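Reading through the structure tokens given below for one structure.
Residue numbers (this note's numbering): -6 to 144.
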């Protein structure tokens, strides 16, 4: 929970273990884990879904600790990475849902405010990804093209 006056978020939350050695219960080799990742990505799973499936079904707590490279890097090597980052896609889908709701309920001013806030989040995230080099510098978000971007 956020602190009231400091603007900081506090220290609560789970922490990853410090030791980065191969755990005894992992019975998959590095090559098998990469094959699992590519198989799940070809099924249309997102990076977070792949991570949860590996954790819950296969008992692999961290791909980075096991393979010494991140999940996104593995997807890029196999040309399975998405064009837009996952959090950007989630925000765009949220905005599309708000627009659909707002079309049915013209007088819903709370939805109008939610639409403004969501679009603002998209623009801030786009600015961040442009500075990081994930999105091209000339990339612009257009509300009319949003449905095409997500699909």
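C-beta atoms are modelled at their ideal positions from N, C-alpha and C, and glycine is treated no differently. All figures in this text were calculated on a predicted structure; none of them were measured in a lab.
ask   = Where does residue 50 fall in DSSP's three states?
value = coil
inquiry  = Buried or exposed for residue 45, going by 16 or more other Cβ atoms inside 10 Å?
reply    = exposed
query = What's the C-alpha gap between residue 63 and residue 17?
reply = 21 Å
key: Beta-carbon proximity list for residue 43, same chain, < 8 Å, skipping 5 on both sides   = 30, 33, 34 and 64
ask   = Rounded to a whole number of angstroms, what is the C-alpha to C-alpha distance between residue 58 and residue 106?
value = 42 Å
task = Identify the continuous alpha helix (DSSP H) that holds residue 110 and give its terminal residues.
result = 102 to 125
ask   = From which residue to which residue does the alpha helix (DSSP H) around residue 77 run?
value = No alpha helix (DSSP H) contains residue 77, which DSSP labels as neither H nor E.
ask   = Under a Cβ-count criterion, where at least 16 other Cβ atoms within 10 Å of its own Cβ denotes burial, should residue 109 be classed as buried or exposed?
value = exposed
message = Can you find the residues in the same chain that come closer than 7 Å, C-beta to C-beta, to residue 128, ignoring five residues on each side of it along the sequence?
response = 119 and 122
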